[in-house]
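Trainee: Before we start, here is the structure in question, set down as structure tokens.
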Amino acid sequence: RTGALPLFFLNTGCVESGDFNADGRPDLFVGGRSQPGSYGLSPPSFLLLNQGGGVFDFAPEALSAAVRELGMVTDAVWLPDSRTLAVVGEWMPLTLLEFTEAGLRKTTVPDSEGWWNALHAADLDGDGDTDLLAGNMGLNSNLRASPEEPVRLYVADYDNNLFQDPILTYFRQGREWIYVSKDELVEQLTPLRKKFVEYHRFAQSPFEQVFSPELLEKAVRREARTFASSWFENRGEAGFVAHALPRAAQFAPIYAFLTEDFTRDGRPDILAVGNFFENPPSIGRYDASFGTFLASRSTAEWQSIEPRISGFAAFGEARELAFLHGRNHRWILIAHNGGGVQVIGERKR
78 RTGALPLFFL NTGCVESGDF NADGRPDLFV GGRSQPGSYG LSPPSFLLLN QGGGVFDFAP
138 EALSAAVREL GMVTDAVWLP DSRTLAVVGE WMPLTLLEFT EAGLRKTTVP DSEGWWNALH
198 AADLDGDGDT DLLAGNMGLN SNLRASPEEP VRLYVADYDN NLFQDPILTY FRQGREWIYV
258 SKDELVEQLT PLRKKFVEYH RFAQSPFEQV FSPELLEKAV RREARTFASS WFENRGEAGF
318 VAHALPRAAQ FAPIYAFLTE DFTRDGRPDI LAVGNFFENP PSIGRYDASF GTFLASRSTA
378 EWQSIEPRIS GFAAFGEARE LAFLHGRNHR WILIAHNGGG VQVIGERKR
């Protein structure tokens, strides 16, 4: 329908509907994913208020300003029976947007910055409130991130060619180093060819010796402090607390979850799918996941069940999970990037 939405151009990570202003009409949160040609810079995100008749307009500045530079948003979910929206993204912490009569209150979970791909809301510990599952890059990588030694991204126009260049760094033996090889770096920043003619000199140069402090002061800096796919326990007024999912859920990036009591023990079990193939050779394909079935063994404790036993397996780059219900059966649908929809059937009891 022409004119239903205000005009804006955005590479979008997600769109979620919810009644922000409690007027009985669903509004829209539009999460910005990236700025083309400027990876690492925050695209704008938007709140669109429902004006009635299927027409939306930008929220007032007091609300819009709070979400304009959230980060590189990948997913968002509403906490049921509340006006709180949980948001995650690349280089972002778990962010909670609480809409109240006084305005918008934004909080983040400390040290939760990661490369998040997905969020799923469910009561995972059976205490009656809503917890969150969050899909991250996983721990099957040569990159390691922690609050003390984060993986970082520095974005700046290092060579004055009017283009923003992202530089990835990591910590080793207490010092910060550039992740890419000399060949990859000088291909991106040709002026460094003269500074690092020899490979061994580049290999022995920590990050702070490659670029001047003046240049780094101008750079936009992002951090990832955890790569573990996790569940966030809702502790009410105390906020959310992160717990890493079991090892089997860390083999590859997770892009989707589904929760259900598959084992019929009264506690929620977890399905997770993912993988990511489009990495450069220096990082390699993340392809170690065949789908993960985490069966509940006690409150907020899960054990991985192998595909040959559970019957659940998802190959390739899986991106979404959903149920399809029939009269006597239900099916799990698994959508793949660049592929078809996989269907796994289960007879209802």
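Residues in the sequence shown are numbered from 78 upward in steps of one, following this note's numbering.
Note that beta-carbon positions come from the ideal geometry of N, C-alpha and C, so glycine has one too.
Taking the alpha carbon of Gly341 as the point to measure from, which residue in Gly388, Phe106, Arg374 has its own alpha carbon closest?
Mentor: Residue 341 sits at position 264 when you count from the first residue of the sequence shown. A small fix is needed here, since residue 341 is Arg in this sequence, not Gly. Minimum Cα distance to Arg341 is reached at Arg374.
Trainee: To the nearest angstrom, how far is the alpha carbon of Val92 from that of Pro283?
Mentor: The residue labelled residue 92 in the question sits at position 15 within the sequence shown. The residue labelled residue 283 in the question sits at position 206 within the sequence shown. Their Cα atoms are separated by approximately 41 Å.
Trainee: Taking Leu181 as the reference, give the member of Met214, Asn217, Ser141 with the closest Cα.
Mentor: By 1-based counting over the sequence shown, the position of residue 181 is 104. Of the candidates Met214, Asn217, Ser141, the one whose C-alpha sits nearest the C-alpha of Leu181 is Ser141.
Trainee: Determine the contact status of Ala333 and Leu398, defining contact as a CB-CB distance below 8 Å.
Mentor: On the sequence shown, residue 333 is found 256 positions in, with the first residue counted as 1. On the sequence shown, residue 398 is found 321 positions in, with the first residue counted as 1. Closer than 8 Å, so yes.
Trainee: Quick one: residues in its chain with C-beta nearer than 8 Å to the C-beta of Asn213, no 5 flanking neighbours on either side, listed in chain order?
Mentor: Mapped onto the sequence shown, residue 213 falls at position 136. If we look at Asn213 and ignore the five residues flanking it on each side, its Cβ neighbours are Gly191, Trp192, Trp193, Asn194, Thr303, Phe304, Ala305, Ser306, Ser307, Pro330, Ile331.
Trainee: For Val132, which residues of its own chain have a beta-carbon under 6 Å away from its beta-carbon, when the five flanking residues on both sides are left out?
Mentor: Along the sequence shown, read from residue 1 onward, the residue named residue 132 stands at position 55. Excluding the 5 residues flanking it on each side, Val132 has same chain C-beta neighbours closer than 6 Å at Ala81, in chain order.
Trainee: Reducing DSSP to helix, strand and coil, say where Ile386 ends up.
Mentor: Your numbering for residue 386 matches position 309 in the sequence shown. Correct three-state label for Ile386: helix.
Trainee: Use the C-beta contact count for Pro227: other C-beta atoms within 10 angstroms, 16 or more gives buried, fewer gives exposed.
Mentor: Within the sequence shown, the letter at position 150 stands for residue 227. Note on Pro227: 16 or more other CB atoms within 10 angstroms of its CB, so buried under the neighbour-count rule.
Trainee: Could you tell me how far apart the beta carbons of Asp338 and Asn352 are, in whole angstroms, since I believe they sit closer than 8 Å?
Mentor: To locate residue 338, count along the sequence shown from 1; it is residue 261. To locate residue 352, count along the sequence shown from 1; it is residue 275. In fact, because the Cβ distance is near 26 Å, the residues do not count as touching under 8 Å.
Trainee: Fully enclosed by the segment 254-327, which alpha helix (DSSP H) runs are 4 residues long or longer?
Mentor: 259-265, 269-272, 276-280, 290-295
Trainee: Alpha carbons only, please: which of Gly129, Leu125, Glu146, Gly130 is nearest the one belonging to Pro137?
Mentor: For this step, residue 137 is matched to residue 60 along the sequence shown. Residue Leu125 is the option with its Cα nearest to Pro137.
Trainee: My understanding is that Phe354 touches Arg362, with C-beta atoms under 8 Å, so please give their C-beta distance in whole angstroms.
Mentor: What you label residue 354 is simply residue 277 of the sequence shown in a count that begins at 1. What you label residue 362 is simply residue 285 of the sequence shown in a count that begins at 1. About 5 Å separates the CB atoms of Phe354 and Arg362; that is less than 8 Å, so the two are in contact.
Trainee: Identify, in the order they occur along the chain, each residue of the same chain with its Cβ nearer than 8 Å to the Cβ of Pro243, setting aside the five sequence neighbours on each side.
Mentor: As a position in the sequence shown, residue 243 is number 166, starting the count at 1. For Pro243, where only same-chain residues beyond five positions count, the Cβ hits under 8 Å are Tyr116, Gly117, Leu230, Tyr231, Val232.
Trainee: Apart from the five residues just before and just after Gly95, which ones in its own chain have a Cβ nearer than 6 Å to its Cβ?
Mentor: Locating residue 95 in the sequence shown gives position 18, where the first residue counts as 1. Only residues of its own chain outside the window of five on either side were considered, and among them Trp155 have a CB closer than 6 Å to the CB of Gly95, listed in chain order.
Trainee: If you count every other CB in all the chains shown that lies within 10 Å of the CB of Ser289, and 16 or more means buried, which is it?
Mentor: As a first step, residue 289 is located in the sequence shown; it is residue number 212 there, counting from the start. Exposed, because fewer than 16 other Cβ atoms sit within 10 Å of the Cβ of Ser289.
Trainee: Give me whichever residues DSSP pairs with Gln380 in a beta bridge.
Mentor: In the sequence shown, the residue the question calls residue 380 occupies position 303. BP columns for Gln380 point to Ala372.
Trainee: For Trp193, list the residues DSSP reports as bridge partners.
Mentor: Within the sequence shown, the letter at position 116 stands for residue 193. The secondary-structure analysis by DSSP pairs Trp193 with nothing; it has no beta-bridge partner.
Trainee: DSSP state of Glu175, grouped into three classes?
Mentor: Your numbering for residue 175 matches position 98 in the sequence shown. Residue state, collapsed to three classes: strand.
Trainee: Need the endpoints of the beta strand (DSSP E) that Ala399 sits in, please.
Mentor: Translated into positions along the sequence shown, residue 399 becomes position 322. Segment 395-402, the beta strand (DSSP E) holding Ala399.
Trainee: Roughly how many whole angstroms lie between the Cα atoms of Leu201 and Asn127?
Mentor: Position 124 of the sequence shown, counting from 1, holds the residue named residue 201. Position 50 of the sequence shown, counting from 1, holds the residue named residue 127. Computed Cα separation, rounded: 33 Å.
Trainee: Out of Gly148, Ala391, Phe248, Phe273, state which residue places its alpha-carbon closest to the alpha-carbon of Asn414.
Mentor: Sequence index remark: in the sequence shown, residue 414 carries index 337 (1-based). Among Gly148, Ala391, Phe248, Phe273, the Cα nearest to that of Asn414 is on Ala391.
Trainee: What is the DSSP secondary structure of Ala211, counted as helix, strand or coil?
Mentor: In the sequence shown, residue 211 corresponds to position 134, counting from 1. In the structure shown, Ala211 adopts extended strand secondary structure according to DSSP, grouped into three states.
Trainee: Pick helix, strand or coil for Glu225, following the three-state DSSP scheme.
Mentor: Here the question's residue 225 lines up with position 148 in the sequence shown. If DSSP states are grouped into helix, strand and coil, Glu225 belongs with coil.
Trainee: Along the alpha helix (DSSP H) that carries Glu167, what are the first and last residues, could you check?
Mentor: If you number the sequence shown from 1, residue 167 lands on position 90. Element bounds for Glu167: not the alpha helix (DSSP H) but the beta strand (DSSP E), 161-169.
Trainee: Below 8 Å on the Cβ atoms is my contact criterion, and I expect Ile411 with Gly388 to pass it. Report the Cβ-Cβ distance as a whole number of Å.
Mentor: Translated into the one-based positions of the sequence shown, residue 411 becomes position 334. Translated into the one-based positions of the sequence shown, residue 388 becomes position 311. In fact, because the Cβ distance is near 13 Å, the residues do not count as touching under 8 Å.
Trainee: Applying the criterion that 16 or more other CB atoms from any shown protein chain within 10 Å of the CB defines a buried residue, is Tyr276 buried or exposed?
Mentor: Your numbering for residue 276 matches position 199 in the sequence shown. Exposed is the call here.
Trainee: How about Pro120 and Gly129: are their beta carbons less than 8 Å apart?
Mentor: Translated into the one-based positions of the sequence shown, residue 120 becomes position 43. Translated into the one-based positions of the sequence shown, residue 129 becomes position 52. At a Cβ-Cβ threshold of 8 Å, Pro120 and Gly129 do not count as neighbours.
Trainee: Does the beta-carbon of Lys295 have 16 or more other beta-carbons within 10 angstroms, so that it is buried, or is it exposed?
Mentor: Counted from its first residue, the sequence shown places residue 295 at position 218. Label assigned to Lys295: exposed.
Trainee: Which residues does DSSP pair with Ala143 in a beta bridge?
Mentor: Stepping through the sequence shown from its first residue, residue 143 is reached at position 66. None, per the DSSP bridge assignment.
Trainee: Using 8 Å for Cβ pairs, my map puts Phe106 next to Val186. What's the rounded Cβ distance?
Mentor: If you number the sequence shown from 1, residue 106 lands on position 29. If you number the sequence shown from 1, residue 186 lands on position 109. Between Val186 and Phe106 the Cβ distance is about 19 Å, and since that is not below 8 Å, they are no contact.
Trainee: According to DSSP, is Glu138 part of a helix, a strand, or is it coil?
Mentor: On the sequence shown, position 61 is the one that residue 138 refers to. Shown here, Glu138 sits in a helix according to DSSP, grouped into three states.
Trainee: If you draw a straight line from the C-alpha of Phe273 to the C-alpha of Asn238, how long is it?
Mentor: Looking up residue 273 in the sequence shown gives position 196. Looking up residue 238 in the sequence shown gives position 161. Approximately 20 Å between the Cα atoms of the pair.
Trainee: Out of curiosity, what's the CA-to-CA distance linking Gln250 and Glu178?
Mentor: Mapped onto the sequence shown, residue 250 falls at position 173. Mapped onto the sequence shown, residue 178 falls at position 101. Rounded to the nearest angstrom, the two C-alpha atoms are 50 Å apart.
Trainee: Rounded C-beta distance between Ala395 and Gly368? I'm assuming under 8 Å.
Mentor: Counting from one through the sequence shown, the residue named residue 395 turns up at place 318. Counting from one through the sequence shown, the residue named residue 368 turns up at place 291. That pair is a contact at about 7 Å.
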